[in-house]
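**Q** Mind having a look at this structure? Questions to follow.
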Amino acid sequence: DAKTTQPNSMESNEEEPVHLPCNHSTISGTDYIHWYRQLPSQGPEYVIHGLTSNVNNRMASLAIAEDRKSSTLILHRATLRDAAVYYCILSSDQGAQKLVFGQGTRLTINP
Amino acid sequence: NAGVTQTPKFRILKIGQSMTLQCAQDMNHNYMYWYRQDPGMGLKLIYYSVGAGITDKGEVPNGYNVSRSTTEDFPLRLELAAPSQTSVYFCASSSRDPGKQYFGPGTRLTVT
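Note that the protein sequences, when read in sequence, are chains A and B.
All residue numbers for the first sequence refer to my numbering, where the first residue is 52 and numbers rise by one.
All residue numbers for the second sequence refer to my numbering, where the first residue is 518 and numbers rise by one.
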């Protein structure tokens, strides 16, 4: 599986936008880019996923570079509840999604 | 919908004991997964299933067994528990479409 690289930690302030980067230079043409987050003492929670085009949903936006070698998860207006570990994961579009979790980015939100 | 449920929430086992972690989903998902998460680390895939009667190994299957007799249930069996199996275990499910796995709340297992 292609690997992803994320910063270990980031910090932001409440009600400000947050941009979480992810590098995936060995991504293949059929790999989807997934983002999950894990709040303290909970299971991971799906955030968003995309293939080539930018994606928006009620939780976040996903901006994908034109060459697909990097992507950015955008939280438009962070709240304290967004403090979590964010995982950027690549997975094939075929069959079972065998997600490979790295160590992710620990996001701290300051009040 | 309850989503993905796991029982028990916590369990302490002695070395050499066996137990079954239960997982159930009510979303009629074909795909189900078992992951483990060691302290400070990301999740690792133990086993997965693409439908009733079909299972396959993930990244770290040693010491575990699974079965999938129904669409809803995907139990994980630990035989001869070892301290290295102390971890938090998460079950997940997904539909055929790529993306969006739904995770259960986890089972925290300690082997002493």
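Cβ coordinates follow ideal geometry from the N, Cα and C atoms, glycine included.
Treat the numbers as computed from the prediction; the structure is a model and nothing was measured.
Of all the options T130(A), S121(A), S63(A), R157(A), which has the alpha carbon lying nearest to the alpha carbon of H85(A)?
**A** Closest by alpha carbon: S121(A).
**Q** Compute the distance between the beta-carbons of R88(A) and A135(A), then report whether it is under 8 Å.
**A** Yes, they are a contact pair.
**Q** Which residue wins for smallest C-alpha separation from V577(B), given the options V151(A), H75(A), A111(A)?
**A** Cα-wise, what sits closest to V577(B) is V151(A).
**Q** Taking a cut of 8 Å between CB atoms, which residues from the region 606-625 of chain B lie near chain A?
**A** Listed by position, the residues of the region 606-625 of chain B near chain A (Cβ gap below 8 Å) are F607, A609, S611, P615, G616, K617, Q618, Y619, F620, G621, P622, G623.
**Q** With 8 Å set as the bound, which would you pick, yes or no: does the beta-carbon of Y83(A) sit closer than that to a beta-carbon of chain B?
**A** With 8 Å as the cut-off, Y83(A) counts as an interface residue toward chain B.
**Q** Starting from the N-terminal side, write out each stretch of the beta strand (DSSP E) that is 3 residues or longer and does not extend beyond the region 66-103 of chain A.
**A** With a minimum length of 3 residues, the continuous beta strand (DSSP E) runs that stay inside the region 66-103 of chain A are 69-74, 82-89, 96-101.
**Q** Determine the closest residue to N518(B) out of Y619(B), G623(B), V628(B), T629(B), with distance taken between C-alpha atoms.
**A** When only C-alpha atoms are compared, the closest one is Y619(B).
**Q** Quick check on Q602(B): does DSSP put it in helix, strand or coil?
**A** Looking at Q602(B) - three-state DSSP - the assignment turns out to be helix.
**Q** Are the beta-carbon atoms of P95(A) and L131(A) separated by less than 8 Å?
**A** No, these two residues do not count as a Cβ contact at 8 Å.
**Q** Residues of chain A with CB under 7 Å from Y565(B), in chain order?
**A** Going along chain A in sequence order, the residues near Y565(B) (Cβ under 7 Å) are A147, K149.
**Q** Please tell me whether M544(B) has its Cβ less than 8 Å away from any Cβ of chain A.
**A** No, no contact with chain A.
**Q** Cα-Cα, which of I78(A), L158(A), T81(A) is closest to L124(A)?
**A** That would be L158(A), whose Cα lies nearest to the Cα of L124(A).
**Q** Return the CA-CA distance between L530(B) and I78(A), expressed in angstroms with no decimal places.
**A** Cα to Cα, L530(B) sits roughly 41 Å from I78(A).
**Q** Return the CA-CA distance between T624(B) and N105(A), expressed in angstroms with no decimal places.
**A** Each residue's Cα considered, the two are about 35 Å apart.
**Q** What are the boundary residues of the beta strand (DSSP E) that I140(A) is part of?
**A** 135-143 is the extent of the beta strand (DSSP E) around I140(A).
**Q** So with CB distances below 8 Å, who are the chain D contacts of Y581(B)?
**A** You won't find chain D in this structure, because its protein chains are A and B.
**Q** Hey, out of M558(B), N579(B), S586(B), whose CA is closest to G570(B)'s CA?
**A** The shortest C-alpha separation from G570(B) is found at S586(B).
**Q** Looking only at its own chain, which residues have a Cβ that is under 7 Å from the Cβ of T5(A), when we skip the five neighbours before and after it?
**A** Residue 5(A) lies beyond the range of chain A shown here (52 to 162); nothing can be said about it.
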